[in-house]
Amino acid sequence: MKLISLKIHQKSSQGWGTKELYFGERITQIYGPNESGKTPLVLLIMYCLGLPAEFRNDILNNCSAATLKLELTQKLSITRRLDRDFHITVEVDSGILSFVDELEFSQFLLEKTGIPTTRLTSKSGLPTHIYLSTLWPIFYLEQDKGYTSTYVTKNNFIQNQQGEIIRSLMGFPEINPYDKRKKLIEAQQKLKVLDELVHQKKQFISSLQGAEIKSYNDIKKLGMEIEQLSLEMESLKNSKHHKTDAINSLEILIQQANKEVSTTNNNYSETKAWLDGLAKIEHKIETEIDTLSLNEDARRVFSSFADICAQPGCGLFLASSETYGKNLLYLRDQLKDLESSRQRAQLQLLELERTQKANNQRLTNLTSHREKANDDSSIELFVETVSRVTSEMVDKRLEKSKLEKISLLEEELLKISIDRERAILNESALRGSREAGDPELLRFKMDFIKKIQKWLQILETRNVPKNFTLDSEFKLNFGTERFESFHGTSRLKIVLSYHAALYELVLEKKSTELNFLIFDTPKQHEISETAFDNFIKNLRQIVETQGGQVIFSSTSYKYEGRDGDIDWLPTYEEFEQPMFMGKPVQI
Numbered sequence: 161m162k163l164i165s166l167k168i169h170q171k172s173s174q175g176w177g178t179k180e181l182y183f184g185e186r187i188t189q190i191y192g193p194n195e196s197g198k199t200p201l202v203l204l205i206m207y208c209l210g211l212p213a214e215f216r217n218d219i220l221n222n223c224s225a226a227t228l229k230l231e232l233t234q235k236l237s238i239t240r241r242l243d244r245d246f247h248i249t250v251e252v253d254s255g256i257l258s259f260v261d262e263l264e265f266s267q268f269l270l271e272k273t274g275i276p277t278t279r280l281t282s283k284s285g286l287p288t289h290i291y292l293s294t295l296w297p298i299f300y301l302e303q304d305k306g307y308t309s310t311y312v313t314k315n316n317f318i319q320n321q322q323g324e325i326i327r328s329l330m331g332f333p334e335i336n337p338y339d340k341r342k343k344l345i346e347a348q349q350k351l352k353v354l355d356e357l358v359h360q361k362k363q364f365i366s367s368l369q370g371a372e373i374k375s376y377n378d379i380k381k382l383g384m385e386i387e388q389l390s391l392e393m394e395s396l397k398n399s400k401h402h403k404t405d406a407i408n409s410l411e412i413l414i415q416q417a418n419k420e421v422s423t424t425n426n427n428y429s430e431t432k433a434w435l436d437g438l439a440k441i442e443h444k445i446e447t448e449i450d451t452l453s454l455n456e457d458a459r460r461v462f463s464s465f466a467d468i469c470a471q472p473g474c475g476l477f478l479a480s481s482e483t484y485g486k487n488l489l490y491l492r493d494q495l496k497d498l499e500s501s502r503q504r505a506q507l508q509l510l511e512l513e514r515t516q517k518a519n520n521q522r523l524t525n526l527t528s529h530r531e532k533a534n535d536d537s538s539i540e541l542f543v544e545t546v547s548r549v550t551s552e553m554v555d556k557r558l559e560k561s562k563l564e565k566i567s568l569l570e571e572e573l574l575k576i577s578i579d580r581e582r583a584i585l586n587e588s589a590l591r592g593s594r595e596a597g598d599p600e601l602l603r604f605k606m607d608f609i610k611k612i613q614k615w616l617q618i619l620e621t622r623n624v625p626k627n628f629t630l631d632s633e634f635k636l637n638f639g640t641e642r643f644e645s646f647h648g649t650s651r652l653k654i655v656l657s658y659h660a661a662l663y664e665l666v667l668e669k670k671s672t673e674l675n676f677l678i679f680d681t682p683k684q685h686e687i688s689e690t691a692f693d694n695f696i697k698n699l700r701q702i703v704e705t706q707g708g709q710v711i712f713s714s715t716s717y718k719y720e721g722r723d724g725d726i727d728w729l730p731t732y733e734e735f736e737q738p739m740f741m742g743k744p745v746q747i
């Protein structure tokens with residue numbers, strides 16, 4: 161998503177408006193004194209994006225509408241009137257769309273951003289959806305209450321709303337989907353299809369591979385060998401010294417054959433050593449199982465003593481019995497995995513033995529042919545050498561083609577396996593085990609915490625604990641201290657760090673087309689100018705690298721922009737001080 165421009169339309173010939181104000185590619189700074197109209201300008205950006213807003217009478221009496229131009233899969237021109245409850249028109253390539261309902265416009269825009277519009281559960285237990293008004297507090301911090309908490313909204317009607325919004329943004333399963341049973345069935349069906357696809361791909365790859373051990377770096381190596389053989393063939397065709405060049409070509413073929421024999425022998429030795437290692441590990445696990453069984457037998461004997469367990473099922477050894485069962489199950493699973501690995505290794509050894517024989521035979525034939533070369537006539541030798549080189553080229557091209565196909569299939573398998581892993585996590589979430597079994601979500605939380613810590617450091621924060629956690633709704637937990645116990649500068653820095661960290665993660669994951677962040681006058685007087693300057697410059701570096709736009713308004717701090725940045729300044733001077741909106745004669 162790219163914000164292009166904003167234009168405010170005057171209500172009458174004496175009303176207020178603006179020229180078309182263009183956003184910077186990276187940073188847009190709205191710089192002006194207090195009461196120059198910065199906040200209405202920022203609010204009108206969000207108003208065009210569906211956020212409910214209240215404007216003062218002077219704005220309502222002088223301005224009729226605002227138009228926001230942006231790119232979101234296509235060019236959109238969004239116009240929203242100020243004199244109606246909800247009326248938005250969107251000009252697209254195919255014509256003009258009209259929206260008089262917030263939900264309808266929300267679903268239209270969310271679909272374009274890539275954020276799911278599935279039904280969630282409201283606090284009253286009814287079905288509901290994500291509205292833009294519930295999403296924008298992540299990307300927009302308003303002047304009055306936006307810096308009081310990490311998520312500020314007037315419309316808090318979804319169960320676990322903050323968590324649901326962030327999960328939707330980052331592509332994680334919902335906490336409380338309304339159609340949970342239906343979604344569980346769909347998730348199970350999707351998982352079944354993906355399981356079958358993974359199985360089919362693995363079988364196809366296995367049938368192409370046989371039991372060979374191949375490094376797919378060999379594709380590059382084979383390409384070089386084919387190129388060398390092509391040069392040899394060209395040399396033979398253009399040669400006037402048939403016998404000498406034919407013998408040289410044979411020498412090259414023998415050299416290649418020697419390398420292949422050596423590589424196969426090394427692979428055989430490594431696989432044999434690995435197989436021997438598996439046998440030792442299996443023996444150790446079996447010994448551990450025997451030890452566990454002896455311990456369990458001892459437990460049963462102790463349990464049988466009336467002095468120790470006076471009643472059947474006394475529960476004294478319940479914990480140790482459960483641990484025994486879990487450990488035994490884990491060890492047996494390991495044995496199954498080792499058995500599968502052992503069978504694969506044995507198949508690989510058989511295939512390597514066949515490859516060894518074939519390579520040795522080929523080397524013997526080439527060496528024998530080289531020894532007879534001096535006795536053959538130059539023409540006979542030339543013809544036979546050309547035939548051998550041609551045969552080598554054909555074999556290597558076929559092998560390269562097969563390896564390329566396997567490599568492509570493995571890429572497809574990896575993609576399907578990732579989709580399958582997500583499907584497993586989704587199905588697990590719908591079953592109720594949302595977080596414990598979701599390593600991707602846990603990894604996201606860890607990354608989120610690290611980035612918050614980084615931004616707190618950038619803002620030179622001193623009075624906030626470095627160790628904190630995030631709960632299931634991604635709310636900050638400072639151990640014995642609640643977020644509400646922080647005030648003033650400390651709270652402001654926490655909020656700024658939270659939003660900067662989340663914005664950075666959104667840009668990195670690219671799970672949505674949304675890539676802007678807006679701060680309306682973030683109380684720079686409560687932060688040192690050096691710290692805030694460092695904050696903006698670090699954001700600038702991130703949007704430069706990841707692609708994005710940061711818009712902020714400022715009264716005292718002045719950011720020195722670079723290429724791709726722009727300043728919006730108050731230019732209408734018919735008032736007591738320069739203003740951002742003015743009369744049409746100056747527009």
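Numbering (the numbering used here), first residue to last: 161 to 747. A virtual CB, placed ideally from N, CA and C, is assigned to each residue, including glycine.
Practice task
Evaluate contact between the stretch 734 to 741 and the stretch 195 to 206, counting only Cβ atoms and requiring at least three cross-stretch pairs below 8 Å.
Solution key: Contact between the stretch 734 to 741 and the stretch 195 to 206 is present, because at least three Cβ pairs lie under 8 Å.
Exercise for the section: Can you grab the Cα-Cα spacing for the pair E499 / I441, in whole Å? Expected result: 11 Å
Problem - DSSP state of W176 mapped onto helix, strand, coil - result: coil
Handout entry: Residue interval of the alpha helix (DSSP H) (run including W615)
Key = P599 to I618
Problem - Inter-residue Cα distance where the pair is E385 and K556 - result: 8 Å
Exercise for the section: Look at the Cβ atom of E600, then the Cβ atom of F332, and state whether they are nearer than 9 Å. Expected result: Yes, these two residues count as a Cβ contact at 9 Å.
Exercise for the section: Please state if the CB of Y207 and the CB of R240 are separated by a distance shorter than 9 Å. Expected result: yes
Practice task
For the stretch 639 to 655 and the stretch 572 to 582, state whether three or more C-beta atom pairs, one from each stretch, are separated by less than 8 Å.
Solution key: no
Practice task
Would you mind sorting M739 into buried or exposed? The rule is 16 or more other CB atoms within 10 Å of its CB.
Solution key: buried
Problem - Cβ-based neighbour list, I275, same chain, cut-off 6 Å, excluding 5 preceding and 5 following - result: S328 and T672
Exercise for the section: Determine the closest residue to K362 out of S577, K670, K614 and K605, with distance taken between C-alpha atoms. Expected result: If we check each option's Cα against that of K362, S577 comes out closest.
Exercise for the section: For I678, write down the residues that DSSP places opposite it in a beta bridge. Expected result: Y300 and I711
Practice task
Along the beta strand (DSSP E) that carries I256, what are the first and last residues, could you check?
Solution key: G255 to F259
Problem - Own chain residues within Cβ distance below 8 Å of F268, not counting five before or after - result: Once the five neighbours on either side are set aside, the close Cβ partners of F268 are V250, L257 and F259.
Practice task
Note down, in chain order, each residue of its chain lying with its Cβ closer than 6 Å to the Cβ of S688, except the 5 sequence neighbours on either side.
Solution key: none
Handout entry: Classification of R751 by the beta-carbon crowding that lies within 10 angstroms, buried from 16 upward
Key = This structure leaves residue 751 out entirely; the chain is present only between 161 and 747.
Practice task
Can you give me the Cβ contacts of T308 inside the same chain, cut-off strictly under 6 Å, excluding the 5 residues immediately before and after it?
Solution key: none
Practice task
Decide if L163 is buried, meaning its Cβ has at least 16 other Cβ atoms within 10 Å, or exposed.
Solution key: Of the residues assessed, L163 falls on the buried side of the cut-off, its CB having 16 or more other CB atoms within 10 angstroms.
Exercise for the section: Below 8 Å on the Cβ atoms is my guess for N320 versus E633; work out the distance and round it to an integer in Å. Expected result: 5 Å
Handout entry: Residues of its chain near L354, where Cβ-Cβ distance is below 8 Å and the 5 sequence neighbours each way are ignored
Key = Cβ within range, chain order: I576, D579, R580 and A583.
Practice task
For Y717, name the three-state secondary structure that DSSP assigns.
Solution key: When secondary structure is reduced to three states using DSSP, Y717 falls in the coil class, being assigned neither helix nor strand.
Exercise for the section: Use the C-beta contact count for N519: other C-beta atoms within 10 angstroms, 16 or more gives buried, fewer gives exposed. Expected result: buried
Exercise for the section: For S282, write down the residues that DSSP places opposite it in a beta bridge. Expected result: DSSP output for S282 lists I318 as bridge partner(s).
Handout entry: Rounded separation between A225 and S293 - CA only
Key = 19 Å
Handout entry: Proximity of F646 and V666 at Cβ, strictly below 9 Å
Key = no
Handout entry: Touching by the beta-carbon criterion (3+ pairs, under 8 Å), the stretch 341 to 349 and the stretch 281 to 288
Key = no
Problem - Collapsed DSSP secondary structure at F740 in the structure displayed - result: coil
Practice task
Quick one: grab the DSSP three-state call for A433.
Solution key: It is helical.
Problem - For V312, the three-state DSSP class (helix, strand or coil) - result: In this structure, V312 counts as coil in the three-state DSSP scheme.
Exercise for the section: Could you check how far apart the C-beta atoms of E587 and L263 are, in whole angstroms? I think they sit under 8 Å. Expected result: That pair is no contact at about 29 Å.
Handout entry: Where Q471 falls: helix, strand or coil (DSSP)
Key = In this prediction, Q471 scores a pLDDT of 45, lower than 50, which makes its location untrustworthy; no coordinate-derived value is stated.
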